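S.K.: If you scroll down you'll find the structure; I have some questions about it.
In my numbering, the protein residues as written are 16 to 323.
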């Protein structure tokens, strides 16, 4: 199993580290445009292999996509990161050109690759890849919902003062502060609704803190987060590579599901060896469906900027 990660910055390196430590891939290739940067990150990570007991080979490449040939899965993290006060939507002008070129280079050397898009604005970048490549839709996946859901479960466990392993919850909708929809009604602690443990007011606080989870960290760190995004990516890659068929909310191209078409937005999917094995349609309440429709309208407005 060969995995390529384009972009060797904090998020890309974190992806490579978590994938290597899980020890299911034979090779991870890091690609970056900065001279010797990916090679240095790869060497640094390889020097942890005897300490962390993994056998995955990690190699770096300065913009040489021939080294990615034969990749089963490729992760696109490249693009400028979000800075304090910057929305994901403001990134589109620069990142659209980068993602288009990167996806073309990856497919040229690995025509059967499954692509995972991390670059922001993620839903629009995922849609762009659908519009500019000939890959089937099951092989183009946007990462955002897996990360947002992890942040949601963290906030829920914090509110209930319990381990996050006790908590199950999901965030669907657009991967943006205003567009995401944490499904508080369906969230549980060991199959018991979280509303049994915390007040409606506290649950609303959890919802709101989840929605600004990325912006909160950007303000604190001065740049985008990287540990949780890297862990989220590695979980998606693991499920695909090992055909685990786990369910994650991911940004995928819809064709009538949830009453939506011609856009990529976060909904639960089953991930296996073929990429997206199935789109799961939840029985949403009228209010939840209305919010998902509103989120979709926001995504479409951002998509429209691709034309300019």
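Just so it is clear, CB atoms sit at the ideal spot from N, CA and C, and this is done for glycine as well.
In this text, all values refer to a predicted model and were calculated from it rather than measured experimentally.
1) Suppose you measure from the CA of residue 43 to the CA of residue 319; what does that come to, to the nearest Å?
2) Cα separation between residue 164 and residue 257?
3) Less than 8 angstroms between the C-beta atoms of residue 23 and residue 52, yes or no?
4) Can you tell me which of 229, 194, 179 and 195 puts its alpha carbon nearest to the alpha carbon of residue 205?
5) Near residue 175, what residues of its chain come up, given a Cβ to Cβ distance below 7 angstroms and the 5 sequence neighbours on each side ignored?
6) Quick one, which of 265, 157, 301 and 77 has its alpha-carbon nearest residue 185's?
7) Counting only runs that start and end within the stretch 129 to 202, where is the alpha helix (DSSP H) found for 4 or more residues in a row?
8) Enumerate in chain order the residues of its own chain whose CB-to-CB distance from residue 109 is below 6 angstroms, with the five nearest sequence positions on each side excluded.
9) So, with DSSP's three-state summary, where would you put residue 208?
10) Kindly give me the distance between the Cβ atoms of residue 133 and residue 91, rounded to whole angstroms, as I take these residues to be in contact under 8 angstroms.
11) Helix, strand or coil, according to DSSP, for residue 79 in the structure here?
12) Roughly how many angstroms lie between the CA atoms of residue 170 and residue 65, to the nearest whole one?
13) Assess contact between the stretch 223 to 241 and the stretch 111 to 130, defined as three or more Cβ pairs (one per stretch) separated by less than 8 angstroms. Is contact present?
14) Shortest alpha-carbon distance to residue 303 belongs to which of 263, 196 and 85?
15) Tell me the DSSP secondary structure of residue 281 in three-state form.
16) Residues bridged to residue 19 by DSSP?
17) Please report how far the alpha carbon of residue 148 lies from the alpha carbon of residue 106, in whole angstroms.
18) To the nearest angstrom, how far is it from the Cα of residue 207 to the Cα of residue 251?
19) Could you tell me the boundaries of the beta strand (DSSP E) in which residue 268 lies?
20) Compute the distance between the beta-carbons of residue 89 and residue 121, then report whether it is under 8 angstroms.
21) Distance check for residue 73 and residue 173, CA to CA, integer angstroms please.
22) Measure the CB-CB distance between residue 75 and residue 54 and report whether it falls below 8 angstroms.
23) Taking 7 angstroms as the limit between beta carbons, can you name the residues of its chain near residue 162, skipping five residues before and five after?
24) Just to confirm before moving on: does the CB-CB distance between residue 159 and residue 310 stay below 8 angstroms?
25) Could you give the uninterrupted runs of the alpha helix (DSSP H) lying entirely in the stretch 224 to 266, keeping only those of 4 residues or more?
M.R.: Here's the rundown:
1) 35 angstroms
2) 22 angstroms
3) yes
4) Comparing Cα-Cα distances from residue 205 to each of 229, 194, 179 and 195, the minimum goes to 179.
5) 204, 209, 212 and 213
6) Taking only the C-alpha atoms, the option nearest residue 185 is 265.
7) 137 to 147 and 159 to 175
8) These residues qualify, in order along the chain: 95.
9) Here residue 208 carries a strand assignment [DSSP, helix/strand/coil].
10) Taking a contact as a CB-CB distance under 8 angstroms, the pair residue 133 and residue 91 counts as one, their CB atoms being some 6 angstroms apart.
11) coil
12) 35 angstroms
13) no
14) Residue 303 has its Cα closest to that of 196, out of 263, 196 and 85.
15) It is a strand residue.
16) Partner(s): 44 and 89.
17) Each residue's alpha carbon lies about 21 angstroms from the other.
18) 26 angstroms
19) 261 to 270
20) yes
21) 36 angstroms
22) yes
23) 243, 244 and 247
24) no
25) 228 to 236 and 242 to 256
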